[in-house]
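In our numbering, the protein residues as written are 97 to 264.
Here a beta-carbon is modelled for each residue, glycine too, at the ideal position from N, C-alpha and C.
The structure presented is a predicted model; accordingly, all values stated were derived computationally and were not measured.
Reading through the C-alpha cells given below for one structure.
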Ligand SMILES: Cc1cc2nc3c(=O)[nH]c(=O)nc-3n(C[C@H](O)[C@H](O)[C@H](O)COP(=O)(O)OP(=O)(O)OC[C@H]3O[C@@H](n4cnc5c(N)ncnc54)[C@H](O)[C@@H]3O)c2cc1C
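Shown next as C-alpha cells:
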C-alpha cells in the first residue's frame, strides 16, 4: 500500500520490518492439513506481540509510555482498534513452504553447491542464492553474483570462481 492510499490522518511516518528464526513445529503434518499454516501464523503473531512488548522498546524507547506500558497507538490501524488489539493491523507471516525456507551456509556445506553449468545437462543452467558462487550466503549479493555467472554461462563465456581468477 503506498502512502497515497492511506486516509488523511493515518499517513505512516515510518515502516520497519523484523525477521527472526522460527523453530520448526515438532511435527510437520502433511500438506493436506490446511490448519497448519494458520497455526504457524499464530505462533509468529505471539512472537511479534512478545517482541513489541519486551524487545522493541530498546530500539524505539518512545514506544513505552511513562507508566511502562506499550503505546499501541504508534501503529496505524484503519479500524481504530484499541490497545494491544492494534497489532491486528500489522503484517506478519510464517515462511513454512519449502520454497520459502532460507538458504543456510552451514560449515562445510558449500561442497554441496553446484555451479550454474554443473547440472549434468548441456542446456540447463541453474541460478539463485543457493548455487556455488564466490560468496556462498543467502543474500542479495550472492544471488546477483549467481545471476551474473549464469548470464555468462548462457552467453558461452567462462565461469570463474575466486581462487581461479578474481576478475570474473
Ligand atoms: C526474511 C528474509 C529476509 C532477508 N533479508 C535479507 C537482507 O536484508 N539482505 C540480503 O542481502 N538478503 C536478505 N535475504 C535473502 C534474499 O532475500 C535472498 O538471498 C534472495 O531473495 C534470493 O534470491 P533468488 O532470486 O535466489 O531466490 P528467490 O528470491 O527465492 O526467488 C525465487 C523465485 O522462484 C519462484 N519459484 C520457485 N519455484 C518455482 C517454480 N517451480 N516455478 C516458478 N517459479 C518458482 C519463487 O516463488 C520465487 O519468486 C532475506 C531472506 C529472507 C527470507
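Legend entry - Reduced DSSP secondary structure (H/G/I, E/B, other) of residue 166: Sequence index remark: in the chain shown, residue 166 carries index 70 (1-based). It is a strand residue.
Legend entry - Limits of the unbroken alpha helix (DSSP H) element including residue 133: The count along the chain shown starts at 1 and reaches residue 133 at position 37. For residue 133, the enclosing alpha helix (DSSP H) stretches over residues 132-150.
Inset, instruction - With ligand 1 as the reference, list in chain order each residue whose Cβ lies under 5 Å from any of its heavy atoms. - result: These are the residues, in chain order, with a beta carbon less than 5 Å from any non-hydrogen atom of ligand 1: 115, 195, 224, 225, 234, 235, 236 and 239.
Legend entry - Paired residues, beta bridge with residue 160 - DSSP: One-based indexing of the chain shown puts residue 160 at position 64. According to DSSP, residue 160 bridges with 166.
Legend entry - Beta-carbon proximity check, residue 197 vs residue 232, cutoff 9 Å: In the chain shown, the residue the question calls residue 197 occupies position 101. In the chain shown, the residue the question calls residue 232 occupies position 136. Going by C-beta atoms, residue 197 is not nearer than 9 Å to residue 232.
Inset, instruction - To the nearest angstrom, report how far apart residue 160 and residue 194 are at their CA atoms. - result: For the purposes of this step, residue 160 is taken as residue 64 along the chain shown, with counting starting at 1. For the purposes of this step, residue 194 is taken as residue 98 along the chain shown, with counting starting at 1. Distance between the alpha carbons of residue 160 and residue 194 is about 38 Å.
Legend entry - C-alpha distance - residue 237 paired with residue 244, whole-angstrom precision: Residue 237 sits at position 141 when you count from the first residue of the chain shown. Residue 244 sits at position 148 when you count from the first residue of the chain shown. The alpha-carbon atoms of residue 237 and residue 244 are separated by roughly 11 Å.
Inset, instruction - Please go through the same chain and pick out, in chain order, the residues whose beta-carbon is closer than 8 Å to the beta-carbon of residue 148, but skip the five residues on each side of it. - result: The count along the chain shown starts at 1 and reaches residue 148 at position 52. Contacts found: 159, 166 and 183.
Legend entry - Beta-carbon gap between residue 235 and residue 223 smaller than 9 Å: Sequence index remark: in the chain shown, residue 235 carries index 139 (1-based). Sequence index remark: in the chain shown, residue 223 carries index 127 (1-based). No, the Cβ-Cβ distance between residue 235 and residue 223 is not below 9 Å.
Inset, instruction - Just mark residue 229 as buried or exposed, buried being the case when its beta carbon has 16 or more other beta carbons within 10 Å. - result: On the chain shown, residue 229 is found 133 positions in, with the first residue counted as 1. When all chains shown are included, residue 229 counts as buried.
Inset, instruction - Following the continuous alpha helix (DSSP H) through residue 234, name the residue where it begins and the one where it ends. - result: In the chain shown, the residue the question calls residue 234 occupies position 138. It is not in any alpha helix (DSSP H) - residue 234 carries neither H nor E in the DSSP assignment.
Inset, instruction - State the Cα-Cα distance for the pair residue 248 and residue 227, rounded to the nearest angstrom. - result: For this step, residue 248 is matched to residue 152 along the chain shown. For this step, residue 227 is matched to residue 131 along the chain shown. Roughly 15 Å between the two C-alpha positions.
Inset, instruction - Kindly give me the distance between the Cβ atoms of residue 211 and residue 255, rounded to whole angstroms, as I take these residues to be in contact under 8 Å. - result: Walking along the chain shown from the start, residue 211 turns up at place 115. Walking along the chain shown from the start, residue 255 turns up at place 159. Right, the Cβ-Cβ distance comes to about 6 Å (below 8 Å), so this counts as a contact.
Inset, instruction - Identify whether residue 155 lies in helix, strand or coil by the three-state DSSP scheme. - result: Against the chain shown, residue 155 aligns to sequence position 59. Helix, per DSSP.
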